[in-house]
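Engineer: Each residue of the sequence shown is one higher than the last, beginning at 27 in my numbering.
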Amino acid sequence: VEMNDPPSSTKDKDGILQSEIFYTPQAFLGFCVDNHLQFDTLRRAKHSSFVIIDTVHDNFRKSLHCQPLKGQAKNNE
């Protein structure tokens, strides 16, 4: 595949999400064993990758705290 006009910068602008499952190789292996994740076939690798990404995303989502509204929301009828 040939690119006619490659971008000048390929830096990722997204932040890095931290997760305890990536702190050590043993933590990652333990997570994979506990969740029966396997990478021996393409199908299993895709599923395992999805589970890992979903877990990291879910942990990040849970870390965000929403503040409750003070008072009641007004109806715009």
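The C-beta atom is built at its ideal place from N, Cα and C for all residues, glycine as well.
Remember, it's a predicted structure, so these values are computed and weren't measured experimentally.
#1: What separation, rounded to the nearest whole angstrom, lies between the Cα atoms of L68 and V77?
#2: What did DSSP end up calling K39 once you bin it into helix, strand or coil?
#3: Could you check what DSSP says for T81 in three-state terms: helix, strand or coil?
#4: What distance in whole Å lies between the Cβ atoms of L55 and V82, which are believed to be in contact at a cut-off of 8 Å?
#5: Check for me: the alpha helix (DSSP H) holding F57 runs from which residue to which?
Structural biologist: Short version:
#1: A direct Cα-Cα distance of roughly 14 Å separates L68 from V77.
#2: K39 falls in the coil class under three-state DSSP.
#3: In the structure shown, T81 sits in a helix (DSSP, three-state: H, G or I).
#4: That belief does not hold up - the Cβ atoms of V82 and L55 are roughly 16 Å apart, past 8 Å.
#5: Where F57 is concerned, the enclosing alpha helix (DSSP H) stretches over P51 to D60.
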